[in-house]
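Student: So the protein sequences, as listed, match chains A and B.
Quick note on numbering that gives the first Met the number 0: the first sequence kicks off at 0 and runs consecutively.
Quick note on numbering that gives the first Met the number 0: the second sequence kicks off at 0 and runs consecutively.
Virtual Cβ for every residue (Gly too), placed ideally from N, Cα, C.
Predicted, not measured: the structure shown is a model, and the values here were computed from it.
For reference, the structure I am asking about is given below.
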Amino acid sequence: MRWRRLRTLLLREVRASFRDPFTVTVLIAVPLGALLLFGYVLSTEVQHLPLAVLDADDSAASRRIVADLSAAGTFDAMRVDSRDDIERALIDGRVSAALVIPPGFARGLGEAGSGAPAPEIELIYDGAEAVLAGNAEGFLRSMIATTGAVLVNGERPRGRITVVAHALYNPTLAGVPFMVAGTFGFVLSFLTTLITAVSIVNERMNGTFDQLQVTPATSLEIFLGKLLPLGAVFTLDIVLMVLVAGFVLGVWPQGNVFLFVGLSAFYVQVSLALGLIFSATSATPAAAVQKTVLFSVPLVQLSGFAFPTRNMPMAVQWLTEFFPATHYIRISRAIYIRAEGLSELLPEIAPLAIFATILTVIALRTIEARS
Amino acid sequence: MSKLITRNPHFWSNVRAVAYRETRILRHDKPIIFALILQPVLLLIIFGGVLSNKPRNVPWAVLDRSATAASRKLIADVRSTGYFLEPVAVEGYAEGRDRLHDGKALAMLIIPDTFARDLERRPGAEVQLLLDGSDPLSSARVAGFIAAVVAAFEPRAPTMRADPAVRTPGAIAIRQRFRFNPTLRDRDFFLAAIAGMLLTNVCFSATSLGFVGEREAGTYEQMLSLPVSALEIVVGKLVPHLAIAYALLTGTLLAAGLVFGVWVRGSLLALAVVTLPFVLASLSVGVLVSALARNSAQAVFITVFFTLPSFIMSGIMMPYQLMPHGVREIGGFLPLRWYQIALRRIVERGAGLADVAIPILVLLLIFAVLLVMVRLRMKPRLG
């Protein structure tokens with residue numbers, strides 16, 4: 000490897016990338032767009048969820064339940080007159096849940112103390128929106144149970160339990176830090192692979208890649224000449240994303256920023272090598288991109304970007320360990336949210352290093368095979 | 000458009016000619032055929048069998064300083080919801096915190112030593128719940144499950160297995176059911192709308208790549224030199240993709256039904272009707288992209304980065320109802336948002352044509368706007 004030849008290749012790559020305004024636009028717009036859009040999409044708060052109420056009892060007790068449900072702003076109660084109304088509202092998605100209070104509810108509540116069974120009310124959720132229904136379930140049940148206890152035992156009953164909940168690292172359980180940290184994984188897995196894939200195939204179509212291969216440059220030099228400049232560009236991207244996440248979304252890494260940028264830059268090299276392999280095995284840019292999309296979409300989905308890997312079947316959880324993105328997203332969340340340091344992250348860094356080695360060897364082979 | 004058709008008596012025969020040509024070309028397009036077969040299979044597997052928002056096998060720790068019948072009852076009640084693993088009993092607060100930090104527990108329940116005594120007094124007992132905030136979605140759900148158990152807690156009532164239909168303890172018995180999806184499987188939620196994802200993918204990329212590819216190959220110029228108008232070319236190119244879209248829709252619905260048991264409950268007619276404006280709108284987006292891009296690599300880029308956000312923001316993967324205002328409204332401009340609303344109504348809730356009138360109208364409106372934009376952008380141009 001000659002330093003002078005490598006420097007020429009590096010310069011060439013930097014000039015080629017920055018001459019194309021489209022690439023520059025993509026490099027800036029995609030990470031920022033992804034941050035701003037994905038940052039807000041995940042919310043754990045149930046607010047103003049439309050709730051149909053069929054109050055056939057219309058007593059002080061039943062009205063109290065409805066009032067308590069609406070008071071916190073969690074539910075917007077909408078009175079309906081029949082079960083048919085509930086059915087209609089559920090089908091066209093106007094309400095996410097429905098509450099049915101049967102006639103005689105208040106009477107039942109009064110008799111409950113003297114050994115009679117507790118009066119019953121009915122909750123119907125729109126299971127079609129599974130996530131929404133799941134979130135609403137906990138709220139509705141606990142709010143009704145609380146009101147019920149107050150109605151039977153008075154305002155300050157005995158035997159009540161209060162839960163004092165604290166969330167570590169993220170007291171409000173806000174979705175934004177979680178998604179911001181994940182978005183780094185998404186952008187650095189996807190955009191990097193896509194850009195390399197397209198850049199090399201484009202060169203091959205123009206014939207400039209063949210020209211490169213007849214120069215005295217070795218395949219390692221060509222490999223580094225492609226990888227390092229793109230790596231540097233993406234490192235700038237990482238810094239840009241950190242700044243935008245901080246200033247616009249108000250999310251700064253809780254851990255060491257330099258450690259985060261350093262490890263991210265390392266991960267970028269892994270993705271770039273993957274992109275090189277995709278491109279070396281495709282004939283046209285369209286095919287390279289199809290391949291990238293086909294592999295990257297499941298990869299990102301399965302890596303825990305939006306859906307925790309814990310909820311996946313056991314076999315798939317094992318499989319996800321073989322995706323570099325899984326480990327990077329864990330690292331990103333660990334530094335961003337839990338402020339973990341280098342030594343704690345070693346179990347995630349080690350597999351990344353192994354992937355980096357394997358992918359580099361394969362990428363070098365594919366470049367050589369072409370010459 | 001109608002004015003244009005009456006002015007040109009050859010409109011439909013020209014469209015037919017372009018459509019015929021397009022079909023012949025598509026038959027040889029390997030990447031598209033690949034995408035049409037492999038992608039649906041992959042997405043069906045991932046969304047049908049793998050992804051889930053619903054916490055399950057939640058690892059948790061318990062610091063039971065009370066160690067009384069009442070505290071053990073509370074733990075058993077939480078366990079009986081079915082979402083939690085066997086709790087790990089920890090000796091001290093720090094140990095539990097470490098488990099949370101290492102991701103070995105998602106929550107820690109701390110029951111104070113005065114628990115049983117406080118339970119008999121006013122204002123009652125207090126338990127502490129420590130959650131892992133780095134996984135906010137799961138933590139919020141877990142907090143909800145535990146709050147519901149605690150609110151209904153009665154020390155002397157027997158612990159019951161979680162069954163939505165069974166009466167729960169407490170002053171008010173709650174009988175609840177999940178309409179349309181009794182076990183609240185995420186699978187049903189995803190599979191109902193998966194056709195929307197696949198159609199978006201195919202429609203966006205088919206047209207965007209198709210047009211740019213032709214411009215690169217020089218065949219677009221050849222077509223322009225023929226006695227056909229730009230609009231006829233556009234419409235002619237859309238027709239074969241419509242057929243592909245309906246074939247894909249049928250295949251996906253059959254696969255979701257046969258493999259995962261998620262069948263369409265509502266009207267198939269409504270489904271066919273709402274799909275038409277959606278596919279047309281999505282194809283038009285592809286045409287617009289092709290007008291923006293200078294080569295096929297760019298076209299693919301723009302397409303990919305239109306597609307992925309539209310998956311997330313349309314509400315296919317996460318409920319749009321929970322997104323903050325602003326983000327939610329931006330998603331309203333996406334054809335996929337309205338199509339997924341219609342799909343969930345028809346596939347999951349068994350809706351008919353009248354129930355999806357609004358999504359159909361909105362999709363038609365989006366298509367009309369896109370068509371005007373296409374008409375403005377696709378001026379015949381050479382070179």
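Since A/G340 meets chain B, which of its residues come closer than 8 Å, beta carbon to beta carbon?
Tutor: Within the first sequence, residue 340 of chain A is the residue found at index 341, counting from 1. Those within 8 Å of A/G340 in chain B number zero; the least Cβ separation is about 12 Å.
Student: Please specify which runs of the beta strand (DSSP E), each continuous and at least 3 residues long, are wholly inside the stretch 12-69 of chain B, giving them in chain order.
Tutor: 59-63
Student: Please report whether the beta-carbon of A/Q268 lies at a distance below 8 Å from any beta-carbon of chain B.
Tutor: On the first sequence, residue 268 of chain A is found 269 positions in, with the first residue counted as 1. Chain B, which has no Cβ nearer than 8 Å to the Cβ of A/Q268, makes this no.
Student: Buried or exposed: where does A/R14 fall if 16 or more other Cβ atoms within 10 Å of its Cβ makes it buried?
Tutor: Against the first sequence, residue 14 of chain A aligns to sequence position 15. A/R14 counts as exposed, since fewer than 16 other beta carbons sit within 10 angstroms of its beta carbon.
Student: Considering B/Y319, what are the terminal residues of the beta strand (DSSP E) in which it resides?
Tutor: Looking up residue 319 of chain B in the second sequence gives position 320. Careful: B/Y319 lies outside any beta strand (DSSP E) and carries neither H nor E.
Student: Kindly say whether B/P276, judged by its beta-carbon, lies nearer than 8 Å to any beta-carbon of chain A.
Tutor: Here residue 276 of chain B is taken as the residue at index 277 of the second sequence, counted from 1. Chain A contact via Cβ: absent.
Student: Take the Cβ of B/A385 as the centre, count every other Cβ of all protein chains shown within 10 Å, and call the residue buried at 16 or more, exposed below.
Tutor: Residue numbering for chain B in the displayed model covers 0 to 382; residue 385 of chain B lies beyond these limits and cannot be assessed.
Student: Residues of chain B with CB under 7 Å from A/S141, in chain order?
Tutor: Position 142 of the first sequence, counted from the first residue, corresponds to residue 141 of chain A. Those are A146, A147, A150, listed as they occur along chain B.
Student: To the nearest angstrom, report how far apart A/T171 and A/Q46 are at their CA atoms.
Tutor: In the first sequence, residue 171 of chain A corresponds to position 172, counting from 1. In the first sequence, residue 46 of chain A corresponds to position 47, counting from 1. In a straight line, the C-alpha of A/T171 is about 14 Å away from that of A/Q46.
Student: Between the C-alpha atoms of B/L370 and A/S198, what's the straight-line distance to the nearest angstrom?
Tutor: Numbered from its first residue, the second sequence carries residue 370 of chain B at position 371. Numbered from its first residue, the first sequence carries residue 198 of chain A at position 199. B/L370 and A/S198: Cα-Cα distance of roughly 33 Å.
Student: Give the DSSP-derived three-state secondary structure of B/R186 in the structure shown.
Tutor: Here residue 186 of chain B refers to the residue found at position 187 when the second sequence is read from its first residue. It is helical.
Student: Anything in chain A within Cβ reach of B/Q127, meaning under 9 Å, just list it in chain order.
Tutor: As a first step, residue 127 of chain B must be located in the second sequence, where it is residue number 128. Chain A residues near B/Q127: V162, V163, A164, H165.
Student: What does a CB cutoff of less than 6 Å around B/D162 pick up in its chain, not counting 5 residues either side in sequence?
Tutor: Your numbering for residue 162 of chain B matches position 163 in the second sequence. Low local confidence applies: a pLDDT of 46 at B/D162 is under 50, so the model's placement there is unreliable, and no value is given.
Student: Got a sec? Which residues, its chain only, sit under 6 Å from A/P101 by beta carbon, not counting five neighbours each side?
Tutor: Residue mapping note: residue 101 of chain A aligns to position 102 of the first sequence, counting from 1. Counting only Cβ-Cβ distances below 6 Å, and skipping sequence neighbours, we find A55.
Student: Does DSSP put A/I366 in a helix, a strand or coil?
Tutor: For the purposes of this step, residue 366 of chain A is taken as the residue at position 367 of the first sequence. Helix, per DSSP.
Student: Could you tell me which chain A residues have their CB closer than 9 Å to the CB of B/P86, listed as they occur along the chain?
Tutor: Position 87 of the second sequence holds residue 86 of chain B. Chain A residues near B/P86: none, gap ~16 Å exceeds 9 Å.
Student: Count the CB pairs spanning the stretch 265-274 of chain A and the stretch 180-197 of chain A that are closer than 8 Å, and state whether there are at least three.
Tutor: yes
Student: Between B/L41 and A/P297, how many whole angstroms is the CB-CB distance? I'm expecting something under 8 Å.
Tutor: As a working note, residue 41 of chain B is residue 42 in the second sequence. As a working note, residue 297 of chain A is residue 298 in the first sequence. Contact flag correct, Cβ pair sits at about 6 Å.
Student: Flag this pair as touching only if the stretch 246-262 of chain A and the stretch 222-233 of chain A have three or more C-beta atom pairs under 8 Å; answer yes or no.
Tutor: no
Student: Listed from N- to C-terminal order along the chain, which residues in the stretch 285-311 of chain A have their beta-carbon within a distance smaller than 8 Å of any beta-carbon of chain B?
Tutor: A285, A286, V288, Q289, V292, L293, V296, P297, Q300, L301, A305, F306, P307, R309, N310, M311
Student: Counting only Cβ pairs nearer than 7 Å, list the residues of chain A close to B/E347.
Tutor: Counting from 1 along the second sequence, the entry for residue 347 of chain B is found at position 348. Ordered by position in chain A, the residues that pass the 7 Å Cβ test against B/E347 are A127.
Student: Which class does B/A88 belong to by DSSP, given the choice of helix, strand or coil?
Tutor: Locating residue 88 of chain B in the second sequence gives position 89, counting from the first residue. In this structure, B/A88 counts as strand in the three-state DSSP scheme.
Student: Enumerated in chain order, which unbroken segments of the alpha helix (DSSP H) with a length of 4 residues or greater are wholly contained in the stretch 200-269 of chain A?
Tutor: 207-213, 218-246
Student: Which first and last residues belong to the beta strand (DSSP E) in which B/I171 is found?
Tutor: Position 172 of the second sequence, counting from 1, holds the residue named residue 171 of chain B. Segment: none, B/I171 is in no beta strand (DSSP E) and carries neither H nor E.
Student: So that I know if they touch, is there some Cβ in chain B lying closer than 8 Å to that of A/F21?
Tutor: Indexing the first sequence from 1 puts residue 21 of chain A at position 22. Closer than 8 Å: yes.
Student: Just to confirm before moving on: does the CB-CB distance between A/A129 and B/M316 stay below 8 Å?
Tutor: Against the first sequence, residue 129 of chain A aligns to sequence position 130. Against the second sequence, residue 316 of chain B aligns to sequence position 317. Taking 8 Å as the Cβ cut-off, A/A129 and B/M316 do not qualify as a contacting pair.
Student: Going by beta-carbon coordinates alone, are B/Y19 and B/R55 separated by less than 8 Å?
Tutor: Within the second sequence, numbered from 1, the residue matching residue 19 of chain B stands at position 20. Within the second sequence, numbered from 1, the residue matching residue 55 of chain B stands at position 56. Contact: no.
Student: Let me make sure I understand the geometry here. Which of B/I171, B/P111, B/V148 has the alpha-carbon closest to that of A/G103?
Tutor: As a position in the first sequence, residue 103 of chain A is number 104, starting the count at 1. For A/G103, the nearest C-alpha among the options comes from B/I171.
Student: In this structure, what does DSSP give as the bridge partners for A/V163?
Tutor: Translated into positions along the first sequence, residue 163 of chain A becomes position 164. Per DSSP, B/Q127.
Student: Can a CB atom of chain B be found closer than 8 Å to the CB of A/T372?
Tutor: The first residue shown for chain A is 0 and the last is 370, placing residue 372 of chain A beyond what the model contains.
Student: At what residue ranges does the stretch 207-248 of chain B contain a whole run of the alpha helix (DSSP H), taking only runs of 4 or more?
Tutor: 218-223
Student: Taking the C-alpha atoms as reference points, what is the distance between B/E347 and A/A127?
Tutor: Mapped onto the second sequence, residue 347 of chain B falls at position 348. Mapped onto the first sequence, residue 127 of chain A falls at position 128. Computed Cα separation, rounded: 6 Å.
Student: Is it buried or exposed for B/W337, if we count other Cβ within 10 angstroms and need 16 for buried?
Tutor: The sequence position of residue 337 of chain B within the second sequence is 338, counting from 1. Its Cβ being crowded by 16 or more others within 10 Å, B/W337 is buried.
Student: Compare the beta carbon distance of B/L247 and B/V201 with 8 Å and say whether it is the shorter of the two.
Tutor: As a first step, residue 247 of chain B must be located in the second sequence, where it is residue number 248. As a first step, residue 201 of chain B must be located in the second sequence, where it is residue number 202. Taking a C-beta distance under 8 Å as the contact criterion, B/L247 and B/V201 qualify as a contact pair.
Student: How many angstroms separate the CA atom of A/W251 from the CA atom of A/L227?
Tutor: As a working mapping, residue 251 of chain A is identified with position 252 in the first sequence. As a working mapping, residue 227 of chain A is identified with position 228 in the first sequence. A/W251 and A/L227: Cα-Cα distance of roughly 27 Å.
Student: Of all the CB atoms in chain A, is at least one closer than 8 Å to the CB of B/M372?
Tutor: Position 373 of the second sequence, counting from 1, holds the residue named residue 372 of chain B. No - not a single Cβ of chain A is within 8 Å of the one on B/M372.
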